[in-house]
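2 protein chains.
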Amino acid sequence: MDKKNPLSESLEDYLEAILRLETTDKVARQKDIAEAIGVQRGSVTSALKVLAEKGLVNYEPYSYITLTSAGRKIGREIERRHRVIKDFLSRVLQIGDDKADATACHMEHVMDTETVNSLVKFIQFIDNCPRAGADWIEAYVDYCSAGKLDRKTCRSCLNKCVADFAS
Amino acid sequence: MDKKNPLSESLEDYLEAILRLETTDKVARQKDIAEAIGVQRGSVTSALKVLAEKGLVNYEPYSYITLTSAGRKIGREIERRHRVIKDFLSRVLQIGDDKADATACHMEHVMDTETVNSLVKFIQFIDNCPRAGADWIEAYVDYCSAGKLDRKTCRSCLNKCVADFAS
DNA sequence: TTACAAAGTTAGGTATTTCAAACTTATTTG
DNA sequence: CAAATAAGTTTGAAATACCTAACTTTGTAA
């Protein structure tokens, strides 16, 4: 089901929303799923039937909705992609919070696990490499406003970097 | 039409393909569009009608297909996003060429112009900041294989960085 | 120049995802 | 507990984006 039968973006969204509701509200109610996704209530029922068919949610009419372990696994993966991508967009690219979130909502469906793993590694590297780190991101922010790099600024930036490493 | 009526991913793909065919083959033929997108010939005709309706292609049955200036503008923007994203995925994240291309094909539709502009700036910064650059990416590659940073390696890496800046 | 192949179109059909509105079940409250 | 309200479901319709197969137009070659 994984490689050959990928879920649609829409169904991935449902799993993600159900997972979030399960953790914040204890249970996922159809009404809240509808609201979370921004869809009419009837659409949720249709989606739940499809997800149940695929063995990703436990669904009986008029009763509580829960994820199966397969569904939870996918939901968690989508949620993880969302976190990683949003972190990159907001902390690294300096995209505003709302837009970072909205964009991550779409990107999470088109970047596969492996690609997101690469992004995770890259962010780790930025955070931990002595040549990068928070002050390097700060330098990037300055570069964005200044529009250019100049040797003087770069020299002091680099000096500070070396000093920080030595300490 | 821009903000309120965004094109579907599918229609964006058609514009991108037509633009590419116009530049490589001089003209975009329906058959080649179908092949480029991986769709049956009939599907292309339907799409062309919709695009013509929206004023993005010049379309008359049985005649040549050309982009209008509005269509060309969108096509070029999508193509640009593709280039930027692919560059980031392959050169920075070190994703293999084919996958970088395939993933960029999807990401180009969900990352808006502003977000891609941010990515452009960030890549520029990586390429030009003395603390980053090609050797920093190289260090990232090493980090990926080693799985960790160690102080000794970092020291020499940083020393080299300083030396390169001075020269 | 006619006949054939290639390119393009049309028609009819399927799948997915959504909506609105009528309907059913569950829950709350007087 | 009964009636009102909330939650959930069903049905029928629409939009999008495909497909296949039959059909038409165009261009070419005998």
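If you read the protein sequences in the order shown, they are chains C and Y. Taking the numbering used here as reference, the numbering of the first sequence is continuous, increasing by one, and the terminal residue is 306. Taking the numbering used here as reference, the numbering of the second sequence is continuous, increasing by one, and the terminal residue is 306. Virtual Cβ for every residue (Gly too), placed ideally from N, Cα, C.
Chain C contact for residue i (CB, 8 Å cutoff)
i, result
"tyrosine 203(Y)", "no"
"leucine 150(Y)", "no"
"lysine 299(Y)", "no"
"serine 306(Y)", "no"
"asparagine 267(Y)", "yes"
"threonine 254(Y)", "yes"
"threonine 242(Y)", "yes"
"methionine 140(Y)", "Confidence at methionine 140(Y) is low in this model, with a pLDDT of 48, below 50, so its placement is unreliable and no value can be given for it."
"arginine 159(Y)", "no"
"arginine 180(Y)", "no"
"arginine 270(Y)", "yes"
Any chain Y beta carbon closer than 8 Å to residue i
i, result
"lysine 260(C)", "yes"
"proline 145(C)", "no"
"alanine 273(C)", "no"
"serine 257(C)", "yes"
"valine 183(C)", "no"
"valine 249(C)", "yes"
Residue i vs residue j beta-carbon contact at 8 Å
i, j, result
"alanine 191(Y)", "tyrosine 198(Y)", "yes"
"threonine 231(Y)", "isoleucine 157(Y)", "Note that residue 231(Y) corresponds to valine in the displayed sequence, not to threonine. Not in contact: valine 231(Y) and isoleucine 157(Y) (Cβ atoms no closer than 8 Å)."
"glutamate 148(Y)", "glutamate 218(Y)", "no"
"valine 223(C)", "leucine 258(C)", "yes"
"arginine 159(C)", "glutamine 169(C)", "no"
"leucine 150(Y)", "valine 178(Y)", "no"
"cysteine 296(Y)", "alanine 273(Y)", "no"
"alanine 239(C)", "lysine 225(C)", "yes"
"phenylalanine 227(C)", "isoleucine 262(C)", "yes"
"threonine 254(C)", "isoleucine 234(Y)", "yes"
Distance, residue j Cα to residue i Cα
i, j, result
"arginine 211(C)", "leucine 195(C)", "8 Å"
"threonine 242(Y)", "methionine 250(C)", "7 Å"
"isoleucine 204(C)", "glutamate 174(C)", "15 Å"
"methionine 140(Y)", "threonine 207(Y)", "With a pLDDT of 48 at methionine 140(Y), under the threshold of 50, the modelled position of that residue is not reliable, and no figure is offered here."
"valine 301(C)", "tyrosine 282(Y)", "19 Å"
"aspartate 164(C)", "serine 185(Y)", "46 Å"
"tyrosine 153(Y)", "isoleucine 176(Y)", "7 Å"
"methionine 246(Y)", "asparagine 256(C)", "16 Å"
"valine 183(Y)", "isoleucine 172(Y)", "7 Å"
"leucine 146(Y)", "glycine 214(Y)", "11 Å"
"serine 229(C)", "threonine 252(Y)", "16 Å"
"aspartate 236(Y)", "arginine 220(C)", "22 Å"
"asparagine 144(C)", "leucine 187(C)", "17 Å"
"glycine 286(Y)", "glutamate 216(C)", "22 Å"
"alanine 167(C)", "valine 166(Y)", "53 Å"
"isoleucine 265(C)", "lysine 299(Y)", "18 Å"
"serine 284(C)", "serine 306(Y)", "27 Å"
"proline 200(C)", "lysine 193(C)", "16 Å"
"histidine 248(Y)", "cysteine 244(C)", "13 Å"
"serine 202(C)", "serine 202(Y)", "58 Å"
"arginine 294(Y)", "arginine 294(C)", "18 Å"
Residues of the region 212-239 of chain C in Cβ contact with chain Y at a cutoff of 9 Å, in chain order, please. Leu228, Val231, Leu232, Gln233, Ile234, Lys238 and Ala239
Count the C-beta pairs between the region 266-285 of chain Y and the region 286-298 of chain C that are closer than 8 Å, then say yes if the count reaches three, no if not. yes
Give, in chain order, every residue of the region 279-290 of chain Y whose Cβ lies closer than 7 Å to some Cβ of chain C. Tyr279, Tyr282, Cys283 and Leu288
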